[in-house]
Amino acid sequence: MKSLILILCVFFSIQLSFAQNDTIVSNDDVILVVPTQSDTISTGSEVTMEMATQFLAHHNMARNEVGVPDLKWSANLASIAQKHADMLAQDHCSFRHSGNSTIGENLYGGGGTVFTALDASKSWYKEKDNYTYSNSKYNHYTQMVWKSTTEVGVGVAQCEDGFYIFVANYAPVGNMLGSYPY
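Read in order, the letters of the sequence shown correspond to residues -19 to -1, 1 to 163 in mature numbering (1 follows the signal peptide of the UniProt record, and there is no 0).
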């Protein structure tokens, strides 16, 4: 009887430690907590999960065209990108790279309408038309498809005038002098 009371006390104390929206499924031996729809994984930035998914899918489509592995989303890189985007927006919507040489970085900006991370990715992808493999000139597109790059994260900030700034960070860094993207 004492062990049954102890088990019930533990069960109820565990149950109370979860958010009210969690679904708790249990039997005699197992307690399973199933997160509800409201418990989503954070992107690490102001970019919504939908934007991050669209951005990543578009990048991976470009990478698949040239036979390089898919990228994975990095909340850590997105957090770094968000800090830089916020700083640019606060600095009169300036447009400059962070200077962090340990990560790759693409910038995109636009105003007059609502822009998304997918718009940024599509803009960089258009640079493919100006890229030739024999010409080792680097651009936003080459960072998108850089073979050794495995992760990406994006941040976005809106300036007072409505202009949007997107910062995409990549790791490991691409666009290495003397190397080819794929």
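A virtual CB, placed ideally from N, CA and C, is assigned to each residue, including glycine. In this text, all values refer to a predicted model and were calculated from it rather than measured experimentally.
- Excluding five sequence positions before and after Ser75, the CB atoms of its chain that fall closer than 6 Å to its own CB belong to Leu69, given in chain order.
- The beta carbons of Leu58 and Asn150 sit closer together than 8 Å.
- Rounded to whole angstroms, the gap between the alpha carbons of Ile146 and Ser115 is 32 Å.
- For Glu132, the enclosing beta strand (DSSP E) starts and ends at 132 to 139.
- Thr130 sits away from Met32, with the two beta carbons spaced by 8 Å or more.
- Here Leu88 carries a strand assignment [DSSP, helix/strand/coil].
- For Asn57, the enclosing alpha helix (DSSP H) covers residues 56 to 71.
- Here Ser55 is not near Ala138, since their CB atoms are 8 Å or more apart.
- Boundaries of the beta strand (DSSP E) harbouring Asn150: 145 to 152, taken from the DSSP string.
- Listed as beta-bridge partners of Lys53 by DSSP are Glu132.
- Val49 is classed as buried because its beta carbon has at least 16 other beta carbons within 10 Å across all chains shown.
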